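The sequence shown maps to residues 1 to 136 in our numbering. Note that beta-carbon positions come from the ideal geometry of N, C-alpha and C, so glycine has one too. Predicted, not measured: the structure shown is a model, and the values here were computed from it. First comes the structure, then the notes that go with it.
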Amino acid sequence: MAWYRNVSPQWRRRVLILVGLLVIYSLAGFLLVPWVLKSQLEKRLPGLTQRNATVRQVKFNPWALSLTIRGLELTEPDGRRFAGWEEFYVNSQLSSLFRWAWTFREIRLQEPFGEVVLDRDGRFNFANLFEPENLS
Numbered sequence: 001m002a003w004y005r006n007v008s009p010q011w012r013r014r015v016l017i018l019v020g021l022l023v024i025y026s027l028a029g030f031l032l033v034p035w036v037l038k039s040q041l042e043k044r045l046p047g048l049t050q051r052n053a054t055v056r057q058v059k060f061n062p063w064a065l066s067l068t069i070r071g072l073e074l075t076e077p078d079g080r081r082f083a084g085w086e087e088f089y090v091n092s093q094l095s096s097l098f099r100w101a102w103t104f105r106e107i108r109l110q111e112p113f114g115e116v117v118l119d120r121d122g123r124f125n126f127a128n129l130f131e132p133e134n135l136s
């Protein structure tokens, strides 16, 4: 005799709803969030930085509240590398959700890269980041 036959239909329905919500949360976190974040980074960074942006991989773990962004690279319009990193990892603490304050267990940046160049006109290659149209 199965144990679930003694459980009321109302409780079975609640358990099924809870399981369904957990499955939706997991699928959204593991599949949807990385896809949206990667596409938004590649779409918005060029407008903010005046450079081409590529991201190799984004991973998000909704249960550990961790985010990994691999292979982010900003390149100048002529193709030279401007800035980027091999891997950025951040692991938030669950208490962040309850205290309304960001608290982190770990933040790691591997192989950061940035190139500062003084152009012939006497301006640095990053000067356009601070122009008024880029600050808004």
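- If you draw a straight line from the Cα of Trp-35 to the Cα of Val-55, it is about 11 Å long.
- Annotation for Gly-84: Leu-72, Glu-73, Leu-74 and Phe-113 place their beta carbon closer than 7 Å to its own, counting only its chain and skipping 5 residues before and after.
- Secondary structure at Asn-128: helix, using DSSP grouped into helix, strand and coil.
- DSSP places Trp-35 in the helix class (H, G or I) of the three-state scheme.
- The three-state reading of DSSP puts Leu-65 in coil, since its state is none of H, G, I, E or B.
- Sequence-distant Cβ neighbours of Phe-88 in its own chain, meaning closer than 6 Å and more than five residues away, are Ile-69 and Leu-109.
- Selection Arg-99, Phe-98, Thr-49 and Thr-103 evaluated against Ser-92 yields Thr-103 as nearest (Cα-Cα).
- Looking at the DSSP output, Val-58 sits in a beta bridge with Ile-69.
- In this structure, the straight-line span from the alpha carbon of Arg-12 to that of Gly-47 is close to 51 Å.
- In the DSSP assignment, Trp-11 falls within the unbroken alpha helix (DSSP H) covering 9-27.
- As computed with DSSP, Glu-87 is found in a beta bridge with Arg-70 and Gln-110.
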